[in-house]
Amino acid sequence: MNHITTFLAGLALCSITAQAQSNPEAAATSVLAPKQAPKANIQLAILLDTSNSMDGLINQARAQIWKIVNELTLARQNGQLPNIQIALYEYGNSRLPVESGWIRQVLPFTDDLDAVSEQLFALQTSGGTELCGDVIAQATRELAWNKDDPEALKLVFIAGNENFDQEKGSSYETNQLNSISGKNHSSKVEAKEPTYKGALKTALENGITVNTIYCGSMNDVDAILWKTAARQADGTYASIDQNSTPPDPETPMDKELASLSEALNKTYLAYGSRTMQEMRLNNQAMQDSNAAGIGYGAAASRASAKASKVAYRNTSWDLVDRFENPDTFTLDSIGGADNLPDELKGKTEQEIKDYISEKSKERNNLQKQVQELSGKRAQWISDYRKKQSDAGTREKTLDDAILETVRNQAKNKNFRFEKQATSSQPETPSAP
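Numbering (mature numbering (1 follows the signal peptide of the UniProt record, and there is no 0)), first residue to last: -20 to -1, 1 to 412.
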């Protein structure tokens, strides 16, 4: 079967919850309710078809998540830096329960980019029925969409290449049910409004824009309904080749960026239980490794994201992020001395404050170096891409489809995008 996936990326203050499904690590990720203050809120729900033959698109998402996040950090709304939240669903996978409609919430809205990366690398493909309308309806209903900020940018991206109007009770689904249960289920479906139409209408009524990404030729018959669906939801349609993954070229800045990224990890002071501390630090290193395994571009983009206080902010487990003003630290605020990292146990509160301050200065210095190198790398890549475009060899990929759409739709909510600077600039996330 020829199917699909997609993805996107985020950030804001967080609290630990066990809301993630059937995954202990996912249950420990940062889960966010919408921001109460109406300031530069961006919410993106990514609905990925993980049925057969979608490995190429999943790999695009894994490779381009950090590039997408870095672009979003350039958004400004009335002078405010963005609070970015990302949610992730998979659908159309026969590994998922039939009763769920082959749909699973992988992550609720979260600011934990390492968790997003981790879950992308954990996705596996398997054939199933792709119920686009049902997954859109479920994401609209289940997620904690911002209801307080009228200028919040609330977007859904769904990607696929099968019929957009598949329904429960379709002949394919009936065959699946028969093979699993051994019973004879009827494939007769009552004539009614297609599920996807009602789902798109409900999303629009809640201020959520649904965008569709068709994986295949825009001239395919199935592409027509994907385009129609986007139009009905005031969204944008795009078509891409999910198997096209042109890698970013190696640049003169990549090796130094990798070294600085590793050095940044040493500035993190994980707090909480020993198990939680180890899990967080190990996952941070693992996502570095995952990005590096894809190629220079992904690793460099991840390094750039880690240098941004907007994109990469781990207040739920890192003392430096949690206490930007070290003088506000108290042992009670983290549940007592047992939750300190080993290097801080036995120290007085003042000694801990001084140590946090020292690590903060060290991190700021490293982030400044990464930002400067990332700016130079961005210019180098821009020149390279221009040559590709002039030669007619530049192919549209997942990040192109998502970022072009976000940039255009963000204008309707008074967002503007700055150019990436070639020198570092201070960042302070919007206040909650």
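Where is the CB? At the ideal position from N, CA and C, for every residue including glycine.
Keep in mind it's a predicted model, so treat the numbers as computed, not measured.
The alpha helix (DSSP H) with residue 199 in it runs from where to where? As a working note, residue 199 is residue 219 in the sequence shown. Unbroken run through residue 199: none, as it is neither H nor E.
Could you check the C-alpha separation between residue 120 and residue 147 for me, to the nearest Å? Position 140 of the sequence shown holds residue 120. Position 167 of the sequence shown holds residue 147. Their Cα atoms are separated by approximately 18 angstroms.
Leaving out five residues before and five after residue 398 in sequence, what residues of the same chain have Cβ atoms less than 7 angstroms from its Cβ? Working through the sequence shown from its first residue, we reach residue 398 at position 418. Answer for residue 398: 54, 56, listed in chain order.
To the nearest angstrom, report how far apart residue 90 and residue 66 are at their CA atoms. Position 110 of the sequence shown holds residue 90. Position 86 of the sequence shown holds residue 66. Rounded to whole angstroms, residue 90 to residue 66 spans 5 angstroms at the Cα level.
Unbroken stretches of the beta strand (DSSP E), 3 residues or longer, contained in the stretch 185 to 261: Listed in chain order, the complete beta strand (DSSP E) runs (minimum 3 residues) inside the stretch 185 to 261 are 189 to 195, 217 to 220.
Start and end of the beta strand (DSSP E) containing residue 308? For the purposes of this step, residue 308 is identified with residue 328 of the sequence shown, where counting begins at 1. Neither: residue 308 is in no beta strand (DSSP E) and is coded neither H nor E.
Reference residue 277, options 238, 305, 302, closest by Cα: Counting from 1 along the sequence shown, the entry for residue 277 is found at position 297. Cα-wise, what sits closest to residue 277 is 238.
Extent of the continuous beta strand (DSSP E) to which residue 71 belongs: The residue you call residue 71 lines up with position 91 of the sequence shown. Counting along the chain, the beta strand (DSSP E) containing residue 71 begins and ends at 63 to 71.
The beta strand (DSSP E) with residue 84 in it runs from where to where? Here residue 84 refers to the residue found at position 104 of the sequence shown. Unbroken beta strand (DSSP E) run through residue 84: 83 to 90.
Whole-angstrom C-beta distance between residue 309 and residue 329, which should lie under 8 angstroms: Locating residue 329 in the sequence shown gives position 349, where the first residue counts as 1. Locating residue 309 in the sequence shown gives position 329, where the first residue counts as 1. About 7 angstroms separates the two Cβ atoms, so the contact holds.
Is the beta carbon of residue 81 sitting closer than 8 angstroms to the one on residue 111? If you number the sequence shown from 1, residue 81 lands on position 101. If you number the sequence shown from 1, residue 111 lands on position 131. Their beta carbons are under 8 angstroms apart, which means residue 81 touches residue 111 by this criterion.
By DSSP's criteria, residue 60 is part of a beta bridge. Which residues make up the other side? Within the sequence shown, residue 60 is the residue found at index 80, counting from 1. Looking at the DSSP assignment, residue 60 forms a beta bridge with 57.
Roughly how many angstroms separate the alpha carbons of residue 260 and residue 290, rounded to a whole number? Numbered from 1 along the sequence shown, position 280 holds the residue referred to as residue 260. Numbered from 1 along the sequence shown, position 310 holds the residue referred to as residue 290. Roughly 19 angstroms between the two C-alpha positions.
Whole-angstrom distance between residue 31 and residue 274, CA atom to CA atom: As a first step, residue 274 must be located in the sequence shown, where it is residue number 294. As a first step, residue 31 must be located in the sequence shown, where it is residue number 51. Straight across, the Cα-Cα distance linking residue 274 with residue 31 is about 22 angstroms.
I'd like the list of long-range same chain contacts for residue 340, defined as Cβ closer than 6 angstroms, with 5 residues on each side in sequence excluded. Working through the sequence shown from its first residue, we reach residue 340 at position 360. These residues qualify, in order along the chain: 300.
With 16 other Cβ atoms within 10 Å as the buried cut-off, status of residue 88: Along the sequence shown, read from residue 1 onward, the residue named residue 88 stands at position 108. Buried is the call here.
For residue 339, which three-state DSSP category applies? Numbered from 1 along the sequence shown, position 359 holds the residue referred to as residue 339. Here residue 339 sits in helix by DSSP.
How big is the Cα-Cα spacing for residue 360 and residue 231? The count along the sequence shown starts at 1 and reaches residue 360 at position 380. The count along the sequence shown starts at 1 and reaches residue 231 at position 251. Rounded to whole angstroms, residue 360 to residue 231 spans 7 angstroms at the Cα level.
For residue 193 and residue 382, what's the separation of their Cα atoms in angstroms? Locating residue 193 in the sequence shown gives position 213, counting from the first residue. Locating residue 382 in the sequence shown gives position 402, counting from the first residue. In a straight line, the C-alpha of residue 193 is about 9 angstroms away from that of residue 382.
Would a C-beta distance cut-off of 8 angstroms place residue 191 and residue 136 closer than the cut-off? Stepping through the sequence shown from its first residue, residue 191 is reached at position 211. Stepping through the sequence shown from its first residue, residue 136 is reached at position 156. Yes.
Scan the stretch 18 to 55 and note each continuous beta strand (DSSP E) run of 3 residues or more that stays entirely inside, going in chain order. Segments of the beta strand (DSSP E) lying fully in the stretch 18 to 55: 21 to 29.
Below 8 angstroms, how does it come out for the stretch 97 to 115 and the stretch 172 to 181: are there three or more Cβ pairs, yes or no? yes
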